[in-house]
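Trainee:
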Amino acid sequence: MGHAALKHEVDEIRGYIKELSYQAMRTEMSLNRLSEEMREFKDEMKEFKDEMTAFKDETQRDRRHMNKQWGELANRLGTLVEDIVAPNLPRIAAELLGCDRPDLFAVRVVRRFGGETREYDAMVVCDSAVLINETKSRLLDTHVDAILDKLGEFPSVYPEYAGRRVVGILATLYPDDSVIRRASSKGVLVMGMGDGTMRVLNPDAIDATI
Numbered sequence: 052m053g054h055a056a057l058k059h060e061v062d063e064i065r066g067y068i069k070e071l072s073y074q075a076m077r078t079e080m081s082l083n084r085l086s087e088e089m090r091e092f093k094d095e096m097k098e099f100k101d102e103m104t105a106f107k108d109e110t111q112r113d114r115r116h117m118n119k120q121w122g123e124l125a126n127r128l129g130t131l132v133e134d135i136v137a138p139n140l141p142r143i144a145a146e147l148l149g150c151d152r153p154d155l156f157a158v159r160v161v162r163r164f165g166g167e168t169r170e171y172d173a174m175v176v177c178d179s180a181v182l183i184n185e186t187k188s189r190l191l192d193t194h195v196d197a198i199l200d201k202l203g204e205f206p207s208v209y210p211e212y213a214g215r216r217v218v219g220i221l222a223t224l225y226p227d228d229s230v231i232r233r234a235s236s237k238g239v240l241v242m243g244m245g246d247g248t249m250r251v252l253n254p255d256a257i258d259a260t261i
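If you're matching positions, the sequence shown starts at 52 in this note's numbering and goes up one per residue.
(1) Within 10 angstroms of its Cβ, does Met-174 collect 16 or more other Cβ (buried), or is it exposed?
(2) Checking 7 Å against the spacing of the C-beta atoms, do Ala-157 and Asp-151 come in under that value?
(3) Taking the C-alpha atoms as reference points, what is the distance between Val-217 and Phe-205?
(4) Do Leu-252 and Val-241 count as a contact pair if the criterion is CB distance below 7 Å?
(5) So, at 8 Å on beta carbons, what are the nonlocal neighbours of Tyr-209 in its own chain, with the 5 sequence-adjacent residues on each side left out?
(6) In chain order, what residues of the same chain lie with their CB nearer than 8 Å to the CB of Leu-199, ignoring the 5 residues before and after it?
(7) For Glu-185 versus Leu-221, is the C-beta spacing smaller than 7 Å?
(8) Contact defined as beta carbons within less than 8 Å: I believe Ser-195 pairs with Ala-234. What is the distance between those atoms, to the nearest angstrom?
(9) What are the start and end residues of the beta strand (DSSP E) that includes Asp-262?
(10) Whose C-beta lies closer than 6 Å to the C-beta of Leu-224 among residues of the same chain, with five residues either side of it excluded?
(11) If we call anything under 7 Å between Cβ atoms a contact, is Leu-190 one with Pro-226?
(12) Expressed to the nearest angstrom, what Euclidean distance is found between the alpha-carbon atoms of Ile-231 and Ala-197?
(13) Taking Val-176 and Pro-153 to be in contact with their CB atoms under 8 Å, please state how far apart those CB atoms are, rounded to whole angstroms.
(14) Counting only the same chain and skipping the five closest in sequence on each side, list residues whose C-beta sits under 7 Å from that of Pro-254.
(15) Any idea if Asp-172 is buried or exposed, counting beta-carbon neighbours within 10 angstroms, 16 or more meaning buried?
(16) Quick check on the DSSP output: the alpha helix (DSSP H) that includes Gly-203 runs from which residue to which?
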């Protein structure tokens, strides 16, 4: 092999080595870049996980707070009878039933009947009539049917008041007109918020009661 040929081969080998070194350097750079990207991705995932944990904790706190608010609202609605509706019932009994001095005026009345419990939100008992109140946060047509069932069985639940006229009065703050119409057709009074106090919105329904 001549000197020129040997020099050519050596140059080729040097070229290969140089190319290999270059490729190794590029590979190392790619690996370093990939490693850096993986670290960044890991950091981002950790940050995302921390954010999700914080969001979960905040959601749980919000849920507990919301449950507390709903509980407080339910308690306030539960006192709607005592605080707003009940104080007006003796006045309504006097105006519509001529009952100036009730024999009984009670709130949250409970009586056992046939092995079951019967509950009435409020009751005004007069000489010749009994006013039965059911108060709802929102009145539905089904509540009209439900109070009619209660009125129908009332003489059996309270035989001591048998023979007295039984009048039902549903109450809510702002009843729908459709419910008022249905109640009126069935002889059930409806009480709602008037000018500063609760008032009967369909007083003519008293004429349809028995």
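The beta-carbon is built from N, C-alpha and C at its ideal position, and this holds for glycine as well. Because the structure is a prediction, the values reported are computed rather than measured.
Mentor: So, from the data block:
(1) Along the sequence shown, one-based indexing puts residue 174 at 123. So Met-174 counts as buried.
(2) As a first step, residue 157 must be located in the sequence shown, where it is residue number 106. As a first step, residue 151 must be located in the sequence shown, where it is residue number 100. No, the pair does not count as a contact, with Cβ atoms beyond the cut-off.
(3) Here residue 217 refers to the residue found at position 166 of the sequence shown. Here residue 205 refers to the residue found at position 154 of the sequence shown. Going by the C-alpha atoms only, they are around 8 Å apart.
(4) Along the sequence shown, one-based indexing puts residue 241 at 190. Along the sequence shown, one-based indexing puts residue 252 at 201. Contact: yes.
(5) Within the sequence shown, numbered from 1, the residue matching residue 209 stands at position 158. For Tyr-209, where only same-chain residues beyond five positions count, the Cβ hits under 8 Å are Arg-162 and Val-181.
(6) By 1-based counting over the sequence shown, the position of residue 199 is 148. Hits under 8 Å: Gly-219, Lys-237 and Val-239.
(7) As a first step, residue 185 must be located in the sequence shown, where it is residue number 134. As a first step, residue 221 must be located in the sequence shown, where it is residue number 170. Yes; because the gap between Cβ atoms is below 7 Å, this pair is in contact.
(8) Residue mapping note: residue 195 aligns to position 144 of the sequence shown, counting from 1. Residue mapping note: residue 234 aligns to position 183 of the sequence shown, counting from 1. The amino acid occupying residue 195 in the given sequence is Val; Ser does not appear at that position. Indeed they touch by this definition, with Cβ atoms about 5 Å apart.
(9) This structure does not reach residue 262, given that the chain is present from 52 up to 261, and the question cannot be answered.
(10) On the sequence shown, residue 224 is found 173 positions in, with the first residue counted as 1. Cβ within range, chain order: Met-244.
(11) One-based indexing of the sequence shown puts residue 190 at position 139. One-based indexing of the sequence shown puts residue 226 at position 175. Taking 7 Å as the Cβ cut-off, Leu-190 and Pro-226 qualify as a contacting pair.
(12) Numbered from 1 along the sequence shown, position 180 holds the residue referred to as residue 231. Numbered from 1 along the sequence shown, position 146 holds the residue referred to as residue 197. Take the alpha-carbon of Ile-231 and the one of Ala-197: they are about 15 Å apart.
(13) As a first step, residue 176 is located in the sequence shown; it is residue number 125 there, counting from the start. As a first step, residue 153 is located in the sequence shown; it is residue number 102 there, counting from the start. Right, the Cβ-Cβ distance comes to about 6 Å (below 8 Å), so this counts as a contact.
(14) By one-based count along the sequence shown, residue 254 stands at place 203. Excluding sequence neighbours, Pro-254 sits near Leu-147.
(15) As a working note, residue 172 is residue 121 in the sequence shown. That one is buried.
(16) The count along the sequence shown starts at 1 and reaches residue 203 at position 152. 192-208 is the span of the alpha helix (DSSP H), which, as asked, contains Gly-203.
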